[in-house]
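The block underneath contains the structure these notes are about, expressed in structure tokens.
Protein chains: 2
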Amino acid sequence: MSTERGLFDLTCADFGLIRGITESWDHLLSRSIAAVREQFIEQCGLIAQAEALPRIAGRILGLMVFDGKDYSFSEIAEELQISRGSVSSSVSLLTAMGVIERTAKPGDRQDYFRLSEDPYTTFFARARNRAERAHKTIQETRDAVPKDKREIRSRLKEYETFYATLIKALDSGT
Amino acid sequence: MSTERGLFDLTCADFGLIRGITESWDHLLSRSIAAVREQFIEQCGLIAQAEALPRIAGRILGLMVFDGKDYSFSEIAEELQISRGSVSSSVSLLTAMGVIERTAKPGDRQDYFRLSEDPYTTFFARARNRAERAHKTIQETRDAVPKDKREIRSRLKEYETFYATLIKALDSGT
DNA sequence: CTGTGTGTTCAGTTTAGACTGAACGTACTA
DNA sequence: TAGTACGTTCAGTCTAAACTGAACACACAG
């Protein structure tokens, strides 16, 4: 069996190479919009998780941002392949946060949801709240430490100042 | 049985009331410093947890802030009643973050730790990193969406802008 | 060398909370 | 009235990550 190859003889390996090139082009240039959407939604889930929010809440937000349409309760469940219970809890969380809002379609008994105008200011508020709670805790601790414990109080004050700075920084973004 | 009461007759309910008052004074004024310290350390654990850090890492930080002394590896384990394994991982996390630093005592083979100068700037950096990762993800998604999908790109742009604002806000605090 | 004290590693356990899905209450339809 | 479609609730399951503790590797003392 000869291993000689003419100019246009292609081996299995060549096909593999070509497929590889196509795939990387695909990734860089022509990745289908469906795939981009899919990945974006999943990434939103991970971002939410990193912010101590349920992953599903993030995916719902991603859905809303990408598609920008009114989604019915059951469409959300179907689109993300999650239980109605999960839709219920995450949707009410996002609604309470002001990220999405409940709407209605005439002649349709289902709840519909869409991005609220200005969905993102809540995130500042969330971070601010956490910082404020921490600040308060430290302040109360310092108040409870006798005045003559200078060094303890000074270290607590420094810690307190950090949170005060953080709160001010977050306010500057609003 | 008479229900009349003289000026100094005390009922069961009165004792309850008095105890209640005493307790609230206790809370406000004379709570022992040991109890204040204990509670502060636990609260630091909870704050850390809310920031997606191990609870133990927060408690160690609380210990360092309140006591302000150099703590040996095993003292930390004993003081917080945690395993040496936990001390090791949380201590190396906090060291990597720059919140505490490793020191040494001459003639003592143990590692010692104390608050680093400027322990808190890392926290800004942490938040900034998360925001930057999110920003990058959204940006990449927008780049992958065809130019003619105007509305999708515009919604992504808004989302992106939020993170850009957050990053700028966090930078303003440094 | 042995023995002791140290910090790290990692396999196993525990725990918190996200997620599911069946049961429920409600509102509309026929 | 019964029947259907809807969203919520909650007890149970599942999962990821914190935490433990025993085994380990290293350094020093004897």
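Heads up: the protein sequence lines correspond to chains E and U, in order.
The opening residue of the first sequence carries number 174 in my numbering; numbering runs sequentially from there.
The opening residue of the second sequence carries number 174 in my numbering; numbering runs sequentially from there.
We put the CB at the ideal spot given by N, CA and C, even for glycine.
The model shown is predicted, which means the values in this text are computed figures rather than measured ones.
Against chain U, a Cβ distance below 7 Å from E:V238 picks out R328, L329 and Y332. In summary, the residues of the segment 220-233 of chain U whose CB is separated from some CB of chain E by less than 8 Å are I220, A223, E224 and A225, in the order they occur in the chain. At least one beta carbon of chain U lies nearer than 8 Å to the beta carbon of E:R204. Note that the C-beta distance between U:G271 and U:T310 is not below 8 Å.
Think of a sphere of 8 Å around the beta carbon of E:V209: the chain U residues whose beta carbon falls inside it are T314, A317 and V318, in chain order.
Bounds of the beta strand (DSSP E) holding U:D284 are D284 to L288. Within chain U, the residues placing a beta-carbon under 8 Å from that of E:Y293 are E331, Y332 and F335, ordered along the chain. As DSSP reads the structure, E:T276 sits in a beta bridge with E:Y285. Here DSSP, grouped into helix, strand and coil, assigns U:Y244 to strand. Bounds of the alpha helix (DSSP H) holding U:D344 are R323 to S345. In the structure shown, U:S256 falls within a coil segment according to DSSP collapsed to helix, strand and coil. The C-beta distance from E:G218 to E:G241 rounds to 18 Å, too long to meet the 8 Å contact threshold. Per DSSP, U:K309 is one residue of the alpha helix (DSSP H) stretching across T294 to A317. If the five residues before and after E:T268 are omitted, its C-beta is found closer than 8 Å to the C-beta atoms of E274, R275 and F286, all from its own chain and listed in chain order.
Straight through space, the alpha carbons of U:D321 and E:S245 are spaced by roughly 26 Å. For the pair of segments examined, the segment 328-345 of chain U was found to touch the segment 312-320 of chain U: the number of CB pairs separated by less than 8 Å reaches three. Residues of the segment 254-281 of chain U with a Cβ closer than 7 Å to any Cβ of chain E: none.
Looking only at E:T347, E:D316 and E:R328, the smallest Cα-Cα distance to U:R204 is reached by E:D316.
Interface residue (Cβ-Cβ distance to chain U less than 8 Å): E:R323 is not classified as such. DSSP places U:R228 within a helical segment (H, G or I) once states are collapsed to three. The alpha-carbon of E:P279 is positioned some 13 Å away from that of E:D243.
Following the DSSP letters along the chain, one finds U:R204 in no alpha helix (DSSP H), marked with neither H nor E.
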